[in-house]
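Colleague: Residue numbers (the numbering used here), protein chains in the order written: chain L, 170 to 613; chain F, 987 to 1261.
For every residue, glycine included, the Cβ atom is placed at its ideal position computed from N, Cα and C.
As structure tokens, then:
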């Protein structure tokens, strides 16, 4: 039986953080001479000192201190599946993307644009594309090249949109790989919500870049409600301007393979990035979410919350959360959390948080990762109020997801997604087919 | 609604262990108690005496193994029921450490529980009014209903929430497990008034588990049971609480230790006699 593992691991919680940080890290000792390394079996070195801090069991987390990036696909070796970035990904499913040829195939785009929002396309040589964050892996680099330009959404400075920008992207079932690049440019002090709503069936590799202007508030919601048979890879980048707020909610429910790499960088001090995600994998699905938050400017905040549930043999989810706090990023406040709820035997959730701290002068930095069965204490609590075990289980799973989904600022979309989740829960096996674990918690 | 007059919860020679194999530890060692509708019984005892184990065993927590004895509610075998069946039969446990349930709002939770306990969805208009009235009486802000169950609640809020449920679910028998622990004077008064209101509005029987006599100044017990080392060692009226207030548990603990020594000695003697 899988153990409930819970590794809340906070170097400094928000409350006591400042004091604790200064206690842990004497002023000035934060910066390291060379690039910090990530020791192979470094599990639980919270408080040991500045430098790398990672979890991931006995296997190396391997997240490099510096990531190689390039716009040229040939700068990346051909993917074998043994690379750190690819080791969790089923090669059989991702190969059609990696080996996909140039193609004219496209996703069917339906857009809903509030007044003032511009939707346009630019060619491959447009200067806009030169300034984007570079691809971090071979697939992303191929995508940048093969997309041959980009779809651009522009929200003018100081615009206050009355409704979300919605791009519905529907796969038409083509065997050819669809290569896509989307750039969302939000001007200073604007406030915008952008929804990327993926559905249908496709082999799709799509890059998304969000340029968040100074003082802007941007929420990006990316929904993956693909039909079975779909493979979707993508690199998402956000460049967060000075004092800007970027919120991203990723909801992955459909498709055979979804592998999304989300990167955040800050273009100036005072930025906030709030990255949330939910995923729900069944036996036909591999869902992989990788995050990289790069704190290189002072006084920025990042907060990551990803929650996933798995049911069925060979359901596989991967969450890799890398946060780096560079020497210049004083006053950083960061926390990341990943929770996985394993509903049936035979499913596998990999969860690898990784925090590298190169300055002691931070507000707080922490992470937690937990993968387990139902919390028996929650079930007991609900049942002790007369709620039958099956209903209690549904309430708990529903609540587990609602916790994140209710953050989506588009109520009708949140409702639709909860509806899909409810439907999926309907397929849960009965309680009698399952072991319910003995709780180790109180009562004392 | 459930019939709440003339119920009786009977606990007979209840033995309970926790743990498995070599780790098995007997916590309850023959508990006898009878609680009738409208009665309030205080169970008082030192830490580790098994008071909470008694509460959770009656509610059916899977951590505890019943190794002997019976628990019946109006003659029905409680121990044969699942946790939710016990609640629907009319038992309620106000927990010492209520559990957080992320993403489930208090209002959704209360409605689901009321539907389960009464067997039908409560009529919306009266239900909303009932909840509001009860919350106001417990000095809870209306926004509370939209928060997630116990998530980020203060100690006092958790206990108010427990008593709110007691008021709304109208059990036949309510077990309050150290509801007073961690409460300041104001919260203790509010929570106690909530219990007294439930007592006034129904004929609920109350099993009040506590370490301190403080709460008994607000909720008057009809009977006081002193609980030491997994069993009731003395019973009396509320004057017994006054005695405990003055003298503490030391005398009982010593007597219990002496009794254990005596029984060990007896076992030793009988062992040597048969040798």
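What residues of chain F sit near residue 547 of chain L, judged by a beta carbon separation below 7 angstroms?
Modeller: Numbered from its first residue, the first chain carries residue 547 of chain L at position 378. Those within 7 angstroms of residue 547 of chain L in chain F are 1085, 1087.
Colleague: Can you tell me whether residue 397 of chain L is buried or exposed? The criterion is at least 16 other CB atoms within 10 Å of its CB, across all chains shown.
Modeller: Indexing the first chain from 1 puts residue 397 of chain L at position 228. By the neighbour-count rule (16 or more Cβ atoms within 10 Å), residue 397 of chain L is not buried but exposed.
Colleague: Using the rule of at least 16 other Cβ atoms within 10 Å of the residue's Cβ for burial, across every protein chain shown, is residue 334 of chain L buried or exposed?
Modeller: Against the first chain, residue 334 of chain L aligns to sequence position 165. It counts as buried.
Colleague: Counting contacts by CB-CB distance shorter than 8 angstroms, is residue 405 of chain L in contact with chain F?
Modeller: Working through the first chain from its first residue, we reach residue 405 of chain L at position 236. Answer no: the Cβ-Cβ gap between residue 405 of chain L and chain F never drops below 8 angstroms.
Colleague: Is the Cβ of residue 564 of chain L closer than 8 angstroms to any Cβ of chain F?
Modeller: Sequence index remark: in the first chain, residue 564 of chain L carries index 395 (1-based). Yes, its Cβ sits closer than 8 angstroms to a Cβ of chain F.
Colleague: Looking at residue 352 of chain L and residue 378 of chain L, is the spacing between their C-beta atoms short of 8 angstroms?
Modeller: In the first chain, the residue the question calls residue 378 of chain L occupies position 209. In the first chain, the residue the question calls residue 352 of chain L occupies position 183. Contact: yes.
Colleague: If you scan the region 1108–1178 of chain F from start to end, which runs of the beta strand (DSSP E) of 3 or more residues do you find wholly inside it?
Modeller: Those beta strand (DSSP E) runs which fall completely within the region 1108–1178 of chain F and span 3+ residues are 1159–1163.
Colleague: What does residue 1058 of chain F pair with, by DSSP beta-bridge criteria?
Modeller: Position 72 of the second chain holds residue 1058 of chain F. According to DSSP, residue 1058 of chain F bridges with F:996, F:1063.
Colleague: Kindly indicate which residue of F:1101, F:999, F:1150 has the alpha-carbon position closest to the one of residue 1177 of chain F.
Modeller: The residue given as residue 1177 of chain F occupies position 191 in the second chain. Among F:1101, F:999, F:1150, the Cα nearest to that of residue 1177 of chain F belongs to F:1150.
Colleague: Compute the distance between the beta-carbons of residue 262 of chain L and residue 400 of chain L, then report whether it is under 8 angstroms.
Modeller: Reading the first chain from its first residue, position 93 is the one you call residue 262 of chain L. Reading the first chain from its first residue, position 231 is the one you call residue 400 of chain L. Yes. Within cutoff.
Colleague: Determine which residues of the region 548–559 of chain L have a Cβ less than 9 angstroms from any Cβ of chain F, and write them out in chain order.
Modeller: If the cut-off is 9 angstroms between Cβ atoms, the region 548–559 of chain L has 548, 549, 550, 551, 552, 553, 554, 555, 556, 557, 558 near chain F.
Colleague: Tell me the DSSP bridge mates of residue 1047 of chain F?
Modeller: As a first step, residue 1047 of chain F is located in the second chain; it is residue number 61 there, counting from the start. Answer is none; residue 1047 of chain F lacks a bridge partner.
Colleague: Which residue comes first and which comes last in the alpha helix (DSSP H) that contains residue 311 of chain L?
Modeller: Walking along the first chain from the start, residue 311 of chain L turns up at place 142. Residues 307–315.
Colleague: Using a Cβ cut-off of 9 angstroms, pull out every chain L residue sitting near residue 1155 of chain F, in sequence order please.
Modeller: Stepping through the second chain from its first residue, residue 1155 of chain F is reached at position 169. Residues of chain L passing the Cβ test: 554, 555.
Colleague: Only counting the same chain, and skipping five residues up and downstream in sequence, which positions put a Cβ closer than 6 angstroms to that of residue 368 of chain L?
Modeller: To locate residue 368 of chain L, count along the first chain from 1; it is residue 199. Cβ within range, chain order: 339, 394.
Colleague: What do you reckon, are the CB atoms on residue 460 of chain L and residue 489 of chain L nearer than 8 angstroms?
Modeller: As a working note, residue 460 of chain L is residue 291 in the first chain. As a working note, residue 489 of chain L is residue 320 in the first chain. Yes.
Colleague: Which value, in whole angstroms, describes the spacing of the CA atoms of residue 1131 of chain F and residue 421 of chain L?
Modeller: Translated into the one-based positions of the second chain, residue 1131 of chain F becomes position 145. Translated into the one-based positions of the first chain, residue 421 of chain L becomes position 252. Residue 1131 of chain F and residue 421 of chain L: Cα-Cα distance of roughly 30 angstroms.
Colleague: Can at least three beta-carbon pairs, one atom from the region 554–567 of chain L and one from the region 1086–1106 of chain F, be found at a separation below 8 angstroms?
Modeller: Short answer: they touch.
Colleague: Leaving out the 5 sequence neighbours to the left and right, which residues in its chain are closer than 6 angstroms to residue 350 of chain L when beta-carbon positions are compared?
Modeller: Position 181 of the first chain, counting from 1, holds the residue named residue 350 of chain L. Contacts found: 316, 319, 376.
Colleague: Any beta carbon of chain F sitting closer than 8 angstroms to that of residue 568 of chain L?
Modeller: Translated into positions along the first chain, residue 568 of chain L becomes position 399. At least one chain F Cβ lies under 8 angstroms of residue 568 of chain L.
Colleague: I'd like the list of long-range same chain contacts for residue 1060 of chain F, defined as Cβ closer than 7 angstroms, with 5 residues on each side in sequence excluded.
Modeller: Reading the second chain from its first residue, position 74 is the one you call residue 1060 of chain F. If we look at residue 1060 of chain F and ignore the five residues flanking it on each side, its Cβ neighbours are 993, 994.
Colleague: For the region 1088–1105 of chain F, which residues have a CB atom closer than 7 angstroms to at least one CB atom of chain L, in sequence order?
Modeller: Going along the region 1088–1105 of chain F in chain order, one finds 1088, 1089, 1090, 1098, 1099, 1102, 1103 with a Cβ nearer than 7 angstroms to chain L.
Colleague: Run through the region 477–541 of chain L for me and flag every whole beta strand (DSSP E) of 3 or more residues, listed as ranges in chain order.
Modeller: Listed in chain order, they are 485–494, 502–511, 517–526, 533–541.
Colleague: Could you give the distance in angstroms between the alpha-carbon of residue 1000 of chain F and the alpha-carbon of residue 1033 of chain F?
Modeller: To locate residue 1000 of chain F, count along the second chain from 1; it is residue 14. To locate residue 1033 of chain F, count along the second chain from 1; it is residue 47. Straight-line Cα distance between these residues: approximately 19 angstroms.
Colleague: Indicate whether at least one CB of chain L lies closer than 8 angstroms to the CB of residue 1017 of chain F.
Modeller: Position 31 of the second chain, counted from the start, is the residue given in the question as residue 1017 of chain F. Answer no: the Cβ-Cβ gap between residue 1017 of chain F and chain L never drops below 8 angstroms.
Colleague: So, using beta-carbon positions, are residue 462 of chain L and residue 470 of chain L closer together than 8 angstroms?
Modeller: In the first chain, the residue the question calls residue 462 of chain L occupies position 293. In the first chain, the residue the question calls residue 470 of chain L occupies position 301. Cβ distance not < 8 angstroms, so residue 462 of chain L and residue 470 of chain L don't count as in contact.
Colleague: For residue 1081 of chain F, count neighbouring Cβ atoms within 10 angstroms of its own Cβ and tell me buried if that reaches 16, exposed if not.
Modeller: Locating residue 1081 of chain F in the second chain gives position 95, counting from the first residue. Buried: at least 16 other Cβ atoms inside 10 Å.
Colleague: Should residue 331 of chain L be labelled buried (16 or more other beta-carbon atoms within 10 Å of its own) or exposed?
Modeller: Within the first chain, the letter at position 162 stands for residue 331 of chain L. Burial call: exposed.
Colleague: For residue 391 of chain L and residue 1069 of chain F, I'd like the C-alpha separation in whole angstroms.
Modeller: The sequence position of residue 391 of chain L within the first chain is 222, counting from 1. The sequence position of residue 1069 of chain F within the second chain is 83, counting from 1. Rounded to the nearest angstrom, the two C-alpha atoms are 41 angstroms apart.
Colleague: Check whether the Cβ atoms of residue 439 of chain L and residue 468 of chain L sit closer than 8 angstroms, and answer yes or no.
Modeller: Taking the first residue of the first chain as position 1, residue 439 of chain L is located at position 270. Taking the first residue of the first chain as position 1, residue 468 of chain L is located at position 299. Closer than 8 angstroms, so yes.
Colleague: Using 10 angstroms around the beta-carbon of residue 1244 of chain F, count the other beta-carbons present and answer buried if the total reaches 16, otherwise exposed.
Modeller: Walking along the second chain from the start, residue 1244 of chain F turns up at place 258. By the 10 Å Cβ count, residue 1244 of chain F comes out exposed.
Colleague: Apply the 10 Å Cβ neighbour rule to residue 260 of chain L and answer buried if 16 or more other Cβ atoms are within range, or exposed otherwise.
Modeller: The count along the first chain starts at 1 and reaches residue 260 of chain L at position 91. Exposed, since its Cβ has fewer than 16 Cβ neighbours within 10 Å.
Colleague: Could you work out which residue in F:1024, F:1031, F:1085 is closest to residue 976 of chain F when comparing CA atoms only?
Modeller: Any property of residue 976 of chain F remains undetermined from this structure, which presents chain F solely from 987 to 1261.
Colleague: Around the C-beta of residue 257 of chain L, are 16 or more other C-beta atoms found within 10 angstroms, so that it is buried, or is it exposed?
Modeller: To locate residue 257 of chain L, count along the first chain from 1; it is residue 88. Classification of residue 257 of chain L: buried, given that the 10 Å Cβ count is 16 or more.
Colleague: Applying a beta-carbon distance threshold of less than 7 angstroms, which residues of chain F neighbour residue 443 of chain L?
Modeller: Reading the first chain from its first residue, position 274 is the one you call residue 443 of chain L. Per Cβ cutoff of 7 angstroms: no residues; residue 443 of chain L is ~17 angstroms from chain F at best.
Colleague: Between the alpha carbons of residue 1120 of chain F and residue 1087 of chain F, how many angstroms are there, rounded?
Modeller: The residue labelled residue 1120 of chain F in the question sits at position 134 within the second chain. The residue labelled residue 1087 of chain F in the question sits at position 101 within the second chain. Going from the Cα of residue 1120 of chain F to the Cα of residue 1087 of chain F covers about 22 angstroms.
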